[in-house]
Amino acid sequence: MFSLHEPTSGRTKKNKPNLPPGVFGIRALPYVSKLAKDPIGFFQLMQSKFGNSARFGLRQVVFHLITQPEDIKRVLQENNQNYHKGVFYKELGRILGKGLLNSEGEFWKKQRKLIQPSFHKQRISEFVEIMAQETEKTSESWKKISSLDISKEMMRLTFAIVGRTLFRTEVESYAARIEHSLKIALELVTKRITRIFPFPFSWPTPENLKLKRALKDMHSVVDELIAERKKNPSNDLISMLLEVRDEETGETMSESQVRDEAITLLLAGHETTANALSWGFYLLSKHPEICEKVREEANRVLGDKTPTLEDVQKLTYTRKVLDEVLRLYPPAWVIERTAMGPDNIGGYDVETGTNISICIFNIHRNPDFWENPDKFDPDRFDEERSADRPKYAYLPFGGGPRICIGNIFALTEATLILAMLVKDYKFQTDPSHPVVMEPLVTLRPKYGILLNIVST
Numbered sequence: 001m002f003s004l005h006e007p008t009s010g011r012t013k014k015n016k017p018n019l020p021p022g023v024f025g026i027r028a029l030p031y032v033s034k035l036a037k038d039p040i041g042f043f044q045l046m047q048s049k050f051g052n053s054a055r056f057g058l059r060q061v062v063f064h065l066i067t068q069p070e071d072i073k074r075v076l077q078e079n080n081q082n083y084h085k086g087v088f089y090k091e092l093g094r095i096l097g098k099g100l101l102n103s104e105g106e107f108w109k110k111q112r113k114l115i116q117p118s119f120h121k122q123r124i125s126e127f128v129e130i131m132a133q134e135t136e137k138t139s140e141s142w143k144k145i146s147s148l149d150i151s152k153e154m155m156r157l158t159f160a161i162v163g164r165t166l167f168r169t170e171v172e173s174y175a176a177r178i179e180h181s182l183k184i185a186l187e188l189v190t191k192r193i194t195r196i197f198p199f200p201f202s203w204p205t206p207e208n209l210k211l212k213r214a215l216k217d218m219h220s221v222v223d224e225l226i227a228e229r230k231k232n233p234s235n236d237l238i239s240m241l242l243e244v245r246d247e248e249t250g251e252t253m254s255e256s257q258v259r260d261e262a263i264t265l266l267l268a269g270h271e272t273t274a275n276a277l278s279w280g281f282y283l284l285s286k287h288p289e290i291c292e293k294v295r296e297e298a299n300r301v302l303g304d305k306t307p308t309l310e311d312v313q314k315l316t317y318t319r320k321v322l323d324e325v326l327r328l329y330p331p332a333w334v335i336e337r338t339a340m341g342p343d344n345i346g347g348y349d350v351e352t353g354t355n356i357s358i359c360i361f362n363i364h365r366n367p368d369f370w371e372n373p374d375k376f377d378p379d380r381f382d383e384e385r386s387a388d389r390p391k392y393a394y395l396p397f398g399g400g401p402r403i404c405i406g407n408i409f410a411l412t413e414a415t416l417i418l419a420m421l422v423k424d425y426k427f428q429t430d431p432s433h434p435v436v437m438e439p440l441v442t443l444r445p446k447y448g449i450l451l452n453i454v455s456t
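If you read the sequence shown in the UniProt record's numbering, its first letter stands for residue 1, the second for the next number, and so on.
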């Protein structure tokens with residue numbers, strides 16, 4: 001009923017399509033159980049057993065794992081119109097609704113066009129002042145402490161920044177509520193994604209009820225902020241979303257759509273950047289020689305002045321450090337797409353309804369594309385060392401038309417925060433504290449990251 005099998009060449013006499021190797025049926029259960037406990041390890045196991053293309057079955061859905069840059073380019077760019085967000089994004093939609101990350105087709109195109117001006121260079125330049133102000137507040141708050149959980153600190157800092165850029169208001173009073181509800185929602189949605197047979201969301205199970213409460217609380221926070229901004233419009237992203245009109249129809253976004261986009265931007269601009277920074281400070285704490293290079297550049301470029309976008313663009317070594325952090329610990333560690341029609345990827349037939357899985361974490365550590373892939377080496381992003389690397393061997397923000405709309409915002413923010421805080425502090429890991437990856441919707445440190453700090 002269920003077997004491991006080798007790929008066939010061409011089609012058999014029964015006219016079966018040429019399929020990659022994989023697992024289905026009863027024998028797949030040990031593999032699928034690993035998916036729930038260790039999803040990154042599951043993808044690594046599938047690749048080691050079956051090579052660059054592999055298939056497995058889950059919930060009556062066929063999954064096709066791809067790892068080669070040319071195959072990824074096919075899905076995300078060349079034939080992207082054939083691939084919509086995968087089945088797992090339906091669960092993520094419980095958090096994001098019809099926000100930009102989750103929407104499809106013409107609706108997605110319209111929303112992307114409406115939101116794109118928010119991330120133009122001029123807007124990013126205006127946001128740098130907010131980023132610097134909030135980072136300086138964080139630096140000041142650290143002066144009387146000797147140790148901290150850097151993941152909590154970065155969650156707080158990035159939420160303050162995205163709150164002010166989204167709503168042009170201090171959001172500290174909302175931070176604890178939305179961080180708590182978002183964390184619960186992400187954990188429970190991830191459980192639903194990785195379970196073989198999750199209970200229907202309509203059933204009043206304890207987990208479903210807990211998830212619904214978290215979503216209700218998160219929505220109420222964002223609704224309060226939107227209501228305040230409707231009363232007092234400002235030069236912020238939410239005011240822009242409330243006012244922007246479709247060029248063809250003249251219609252504005254509904255309040256529920258503004259909320260979905262706001263939550264999407266909160267998650268993308270808060271959760272992912274905070275995780276990247278947490279892993280960044282962790283790596284720098286273990287490599288003091290690299291940290292010292294960041295500090296030297298920060299002192300030389302930033303000095304004691306208020307940073308500008310032009311200053312951030314001069315932090316070239318810090319940016320390479322960040323690129324390497326995103327390679328080793330990509331916050332968005334997996335991409336899923338569903339084939340809307342038949343295709344052929346890497347010589348294998350893809351049938352309509354097949355779910356395509358792209359494990360970014362494993363691709364970023366593939367020795368075929370990265371020398372000493374587990375080594376923290378920012379200089380691998382030097383121009384000469386990057387010249388021959390396939391474009392789709394590195395995709396921390398995805399690729400193709402649906403590349404993350406806020407990638408420049410995130411890179412600017414994270415580069416500036418790294419430079420400013422490394423300029424002010426030295427970091428050491430606490431050897432007694434376990435640092436463990438937790439691949440939920442984003443790649444979090446499961447128990448946080450405890451660091452000892454000393455003022456420079």
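Where is the CB? At the ideal position from N, CA and C, for every residue including glycine.
Requested in this report: Compare the beta carbon distance of L265 and L237 with 9 Å and say whether it is the shorter of the two.
Outcome: As a working mapping, residue 265 is identified with position 265 in the sequence shown. As a working mapping, residue 237 is identified with position 237 in the sequence shown. Contact flag set, yes.
Query raised in the report: Count the other CB atoms within 10 Å of the CB of Q47; is the residue buried (16 or more) or exposed (fewer)?
Result: Numbered from 1 along the sequence shown, position 47 holds the residue referred to as residue 47. Result: buried.
Query raised in the report: Hey, P378 and R365: beta-carbon distance below 9 Å or not?
Result: Taking the first residue of the sequence shown as 1, we reach residue 378 at position 378. Taking the first residue of the sequence shown as 1, we reach residue 365 at position 365. Cβ distance not < 9 Å, so P378 and R365 don't count as in contact.
**Report entry** Same chain, Cβ closer than 6 Å to residue 460, neighbours up to 5 away in sequence not counted
**Finding:** Past the edges of the chain, shown from 1 to 456, lies residue 460, and the structure says nothing about it.
Query raised in the report: Should Y447 go down as buried or exposed, given a rule of 16 or more other Cβ atoms within 10 Å for buried?
Result: Locating residue 447 in the sequence shown gives position 447, counting from the first residue. With fewer than 16 Cβ atoms within 10 Å of its Cβ, Y447 is classed as exposed.
Report task. Return the CA-CA distance between A195 and V189, expressed in angstroms with no decimal places. Result -> Numbered from its first residue, the sequence shown carries residue 195 at position 195. Numbered from its first residue, the sequence shown carries residue 189 at position 189. Looking at the sequence itself, residue 195 is Arg, so the reference to Ala does not match. Distance between the alpha carbons of R195 and V189 is about 10 Å.
Query raised in the report: Is the shortest distance between the beta-carbon of V221 and the beta-carbons of chain D less than 9 Å?
Result: Given the protein chain composition of this structure (a single chain), no chain D is represented.
Report task. Kindly list the residues whose CB is nearer than 8 Å to the CB of T306, restricted to its own chain and excluding five residues on each side of it in sequence; keep chain order. Result -> Here residue 306 refers to the residue found at position 306 of the sequence shown. Cβ neighbours of T306 beyond the five flanking positions: E129, A132.
**Report entry** Length of the line joining the Cα atoms of P20 and K216
**Finding:** Indexing the sequence shown from 1 puts residue 20 at position 20. Indexing the sequence shown from 1 puts residue 216 at position 216. P20 and K216: Cα-Cα distance of roughly 43 Å.
Report task. Express the C-alpha separation of V321 and F376 in angstroms, rounding to a whole number. Result -> Here the question's residue 376 lines up with position 376 in the sequence shown. Here the question's residue 321 lines up with position 321 in the sequence shown. If you take the alpha carbons of F376 and V321, they lie about 9 Å apart.
Report task. Tell whether a beta-carbon distance below 9 Å holds between I417 and I145. Result -> Here the question's residue 417 lines up with position 417 in the sequence shown. Here the question's residue 145 lines up with position 145 in the sequence shown. Their beta carbons are not under 9 Å apart, which means I417 does not touch I145 by this criterion.
Query raised in the report: Are K191 and E179 touching if we call contact CB-CB under 9 Å?
Result: Here residue 191 corresponds to residue number 191 of the sequence shown, with the count starting at 1. Here residue 179 corresponds to residue number 179 of the sequence shown, with the count starting at 1. No, they are not a contact pair.
Query - Host beta strand (DSSP E) of H64 (start-end) - result: Within the sequence shown, numbered from 1, the residue matching residue 64 stands at position 64. Looking at the DSSP string, the run of the beta strand (DSSP E) that includes H64 is 61 to 66.
Query raised in the report: Does the distance from the CB of F119 to the CB of I408 come in under 9 Å?
Result: For the purposes of this step, residue 119 is taken as the residue at position 119 of the sequence shown. For the purposes of this step, residue 408 is taken as the residue at position 408 of the sequence shown. Contact: yes.
Requested in this report: Please report the residue range of the alpha helix (DSSP H) in which A410 lies.
Outcome: Taking the first residue of the sequence shown as position 1, residue 410 is located at position 410. It spans 407 to 424 - the alpha helix (DSSP H) in which A410 sits, taken as one unbroken run.
Query raised in the report: Rounded to a whole number of angstroms, what is the C-alpha to C-alpha distance between R444 and V221?
Result: In the sequence shown, residue 444 corresponds to position 444, counting from 1. In the sequence shown, residue 221 corresponds to position 221, counting from 1. If you take the alpha carbons of R444 and V221, they lie about 23 Å apart.
Query raised in the report: If T412 sits next to L309, beta carbons under 8 Å apart, how far is it from one beta carbon to the other, in whole angstroms?
Result: For this step, residue 412 is matched to residue 412 along the sequence shown. For this step, residue 309 is matched to residue 309 along the sequence shown. Right, the Cβ-Cβ distance comes to about 7 Å (below 8 Å), so this counts as a contact.
Requested in this report: Using three-state DSSP, classify S455 as helix, strand or coil.
Outcome: Counting from one through the sequence shown, the residue named residue 455 turns up at place 455. Strand at S455.
Query raised in the report: Pick from S33, R389, T67, M218: whose alpha carbon is nearest that of W333?
Result: For the purposes of this step, residue 333 is identified with residue 333 of the sequence shown, where counting begins at 1. The shortest Cα separation from W333 among S33, R389, T67, M218 belongs to T67.
Query - Of the listed residues A419, Q60, P200, nearest to V312 (C-alpha basis) - result: The count along the sequence shown starts at 1 and reaches residue 312 at position 312. Cα-wise, what sits closest to V312 is A419.
Query raised in the report: Do you know offhand how far T456's Cα is from W142's?
Result: On the sequence shown, residue 456 is found 456 positions in, with the first residue counted as 1. On the sequence shown, residue 142 is found 142 positions in, with the first residue counted as 1. One C-alpha to the other measures close to 12 Å.
Query raised in the report: Would you say S278 and I405 are within 9 Å of each other, going by their C-beta atoms?
Result: Looking up residue 278 in the sequence shown gives position 278. Looking up residue 405 in the sequence shown gives position 405. No, the Cβ-Cβ distance between S278 and I405 is not below 9 Å.
Query raised in the report: Which residues in the same chain as N275 place their Cβ atom closer than 7 Å to its Cβ, once the five residues preceding and following it in sequence are excluded?
Result: Stepping through the sequence shown from its first residue, residue 275 is reached at position 275. P331, T442, L443, R444.
Query raised in the report: Around the C-beta of A339, are 16 or more other C-beta atoms found within 10 angstroms, so that it is buried, or is it exposed?
Result: Against the sequence shown, residue 339 aligns to sequence position 339. Result: buried.
Requested in this report: Output yes or no for whether 9 Å exceeds the beta carbon distance between F24 and C359.
Outcome: The residue labelled residue 24 in the question sits at position 24 within the sequence shown. The residue labelled residue 359 in the question sits at position 359 within the sequence shown. The answer is no: Cβ separation not under 9 Å.
Requested in this report: Below 7 Å CB to CB, which residues in the same chain sit around residue 468 once its five sequence neighbours on both sides are set aside?
Outcome: Coverage of the chain is limited to positions 1 through 456, which leaves residue 468 absent and any answer about it impossible.
Query raised in the report: Span of the beta strand (DSSP E) holding A387?
Result: Mapped onto the sequence shown, residue 387 falls at position 387. Here A387 belongs to no beta strand (DSSP E), and DSSP marks it neither H nor E.
**Report entry** Cα-Cα separation between A262 and G163, rounded to whole angstroms
**Finding:** Stepping through the sequence shown from its first residue, residue 262 is reached at position 262. Stepping through the sequence shown from its first residue, residue 163 is reached at position 163. Rounded to whole angstroms, A262 to G163 spans 10 Å at the Cα level.
Query - Closest Cα partner of N102 within the set F50, Q257, I184, P198 - result: Mapped onto the sequence shown, residue 102 falls at position 102. Among F50, Q257, I184, P198, the Cα nearest to that of N102 is on Q257.
Requested in this report: Can you have a look at residue 465 and say buried or exposed, based on whether 16 or more other CB atoms are within 10 angstroms of its CB?
Outcome: Within the shown structure, residues of the chain are numbered from 1 to 456, placing residue 465 beyond reach of any answer.
Requested in this report: Please determine if the stretch 89 to 100 and the stretch 383 to 393 are in contact, where contact requires at least 3 C-beta pairs separated by less than 8 Å.
Outcome: no
Report task. Alpha carbon to alpha carbon, how far is Q116 from E243? Give it in angstroms, no decimals. Result -> If you number the sequence shown from 1, residue 243 lands on position 243. If you number the sequence shown from 1, residue 116 lands on position 116. Near 14 Å, if we compare the C-alpha coordinates of Q116 and E243.
Requested in this report: Would you mind sorting V436 into buried or exposed? The rule is 16 or more other CB atoms within 10 Å of its CB.
Outcome: Mapped onto the sequence shown, residue 436 falls at position 436. Exposed.
Requested in this report: Identify, in the order they occur along the chain, each residue of the same chain with its Cβ nearer than 8 Å to the Cβ of P367, setting aside the five sequence neighbours on each side.
Outcome: As a first step, residue 367 is located in the sequence shown; it is residue number 367 there, counting from the start. Closer than 8 Å at the Cβ level, and outside the excluded window around P367, lie P373.
**Report entry** Three-state secondary structure assigned by DSSP to L100
**Finding:** Residue mapping note: residue 100 aligns to position 100 of the sequence shown, counting from 1. Here L100 sits in coil by DSSP.
Requested in this report: Can you check DSSP and say which residues form a bridge with H84?
Outcome: For the purposes of this step, residue 84 is identified with residue 84 of the sequence shown, where counting begins at 1. T338, per the DSSP bridge assignment.
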